[in-house]
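Numbering (this note's numbering), first residue to last: 4 to 279.
Have a look at this one:
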């Protein structure tokens with residue numbers, strides 16, 4: 004009962020995280036099915052938790068930091084890490100992966116009805132994985148500085164670094180850690196997915212084709228950025244806000260160019276999104 008009570012407390016304390024999580028699950032299921040979506044979520048959480056558990060003790064891979072246990076009786080914690088924090092890595096990794104697919108994959112396009120060619124193949128090419136990891140890290144460039152100032156908005160102060168970092172109090176090692184963790188999540192999932200695809204009799208359910216499908220994950224990616232930028236400007240951190248806004252607009256411009264200017268790709272039977 005205590006577990007369920009703390010899980011419910013997590014939902015009440017961090018409702019915005021679970022809104023993003025619910026939207027992520029809906030998009031992921033449409034794109035790759037229920038089983039793969041659950042595998043991605045559990046795998047992402049597990050890798051993120053191990054990274055955070057290790058970093059709070061050894062400084063690898065994010066640098067030395069610790070979570071403040073002010074909410075331990077209000078929300079679910081696993082060891083010394085809040086459950087919701089590691090869980091958020093799953094959907095942040097997926098939407099970064101989805102944006103990477105949009106940037107690199109052949110597309111079918113009719114106005115804003117943009118779709119990946121044979122998206123069910125779910126490719127694991129190096130350039131998609133590396134780009135996804137970079138986009139995952141860039142999310143944190145916007146997210147972490149404002150999370151560090153959580154005592155000034157409804158997040159609350161949840162963690163602190165041993166030493167002040169170089170980028171708005173965040174150490175650069177943190178961003179390197181995010182790249183490494185993001186790449187690890189995407190690489191491991193791509194290999195698991197390859198095994199599932201080749202497994203005789205494996206069937207997934209829930210996949211659907213809808214207009215603009217390739218834009219769904221990128222839309223959630225930018226929604227996360229906009230949410231964090233909104234909080235940043237709301238608390239008056241204008242210098243941080245404009246740095247994050249410049250980064251967001253740069254990524255958006257690249258995405259818009261790709262979605263609107265890339266040549267249409269004909270969908271051929273047996274084709275894949277991108278060669279492995």
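In this text, a Cβ means the ideal position worked out from N, Cα and C, and glycines have one as well.
Assuming residue i contacts residue j under a Cβ cut-off of 8 angstroms, what Cβ separation, rounded to an integer in Å, is found between them?
| i | j | result |
| --- | --- | --- |
| residue 51 | residue 64 | Residue 51 to residue 64, Cβ: 11 angstroms. No contact. |
| residue 147 | residue 36 | Wrong, their Cβ atoms sit about 32 angstroms apart, outside the cutoff. |
| residue 186 | residue 132 | 6 angstroms |
| residue 105 | residue 262 | 7 angstroms |
| residue 68 | residue 162 | 6 angstroms |
| residue 205 | residue 46 | Incorrect: roughly 16 angstroms between the Cβ atoms, too far for contact. |
| residue 127 | residue 197 | 6 angstroms |
| residue 145 | residue 257 | Going by Cβ atoms, the distance from residue 145 to residue 257 rounds to 16 angstroms, so no, they are not a contact pair. |
Could you compute how far the alpha carbon of residue i sits from the alpha carbon of residue j?
| i | j | result |
| --- | --- | --- |
| residue 237 | residue 226 | 16 angstroms |
| residue 235 | residue 202 | 47 angstroms |
| residue 180 | residue 152 | 20 angstroms |
| residue 156 | residue 18 | 14 angstroms |
| residue 16 | residue 29 | 22 angstroms |
| residue 142 | residue 7 | 31 angstroms |
| residue 119 | residue 109 | 6 angstroms |
| residue 80 | residue 20 | 15 angstroms |
| residue 23 | residue 229 | 13 angstroms |
| residue 82 | residue 57 | 11 angstroms |
| residue 88 | residue 252 | 26 angstroms |
| residue 280 | residue 159 | Limits of the chain in this structure are 4 at one end and 279 at the other, which puts residue 280 out of reach. |
| residue 259 | residue 114 | 12 angstroms |
| residue 244 | residue 172 | 14 angstroms |
| residue 75 | residue 85 | 8 angstroms |
| residue 189 | residue 200 | 16 angstroms |
| residue 168 | residue 176 | 9 angstroms |
| residue 130 | residue 107 | 8 angstroms |
| residue 5 | residue 77 | 11 angstroms |
| residue 214 | residue 117 | 7 angstroms |
| residue 164 | residue 103 | 30 angstroms |
| residue 154 | residue 62 | 24 angstroms |
Please list the terminal residues of the continuous beta strand (DSSP E) segment that includes residue i.
| i | result |
| --- | --- |
| residue 69 | 68–70 |
| residue 119 | 116–119 |
| residue 110 | 110–113 |
Which residues bound the alpha helix (DSSP H) around residue i?
| i | result |
| --- | --- |
| residue 134 | 129–151 |
| residue 59 | 37–61 |
| residue 220 | 219–237 |
Can you name the residues that DSSP bridges to residue i?
| i | result |
| --- | --- |
| residue 80 | 85 |
| residue 173 | 170 |
| residue 27 | DSSP output for residue 27 lists no bridge partner at all. |
| residue 11 | In the DSSP output, where bridge partners are listed per residue, residue 11 has none listed. |
| residue 292 | Outside the displayed range of the chain (4 to 279) lies residue 292, so it cannot be described from this structure. |
Exercise for review: Decide if the region 168–185 is in contact with the region 129–143; the criterion is three or more beta carbon pairs, one per stretch, under 8 angstroms apart.
Suggested key: yes
Exercise for review: Specify whether the region 97–107 and the region 211–225 touch according to this definition: at least 3 beta carbon pairs, one from each stretch, less than 8 angstroms apart.
Suggested key: yes
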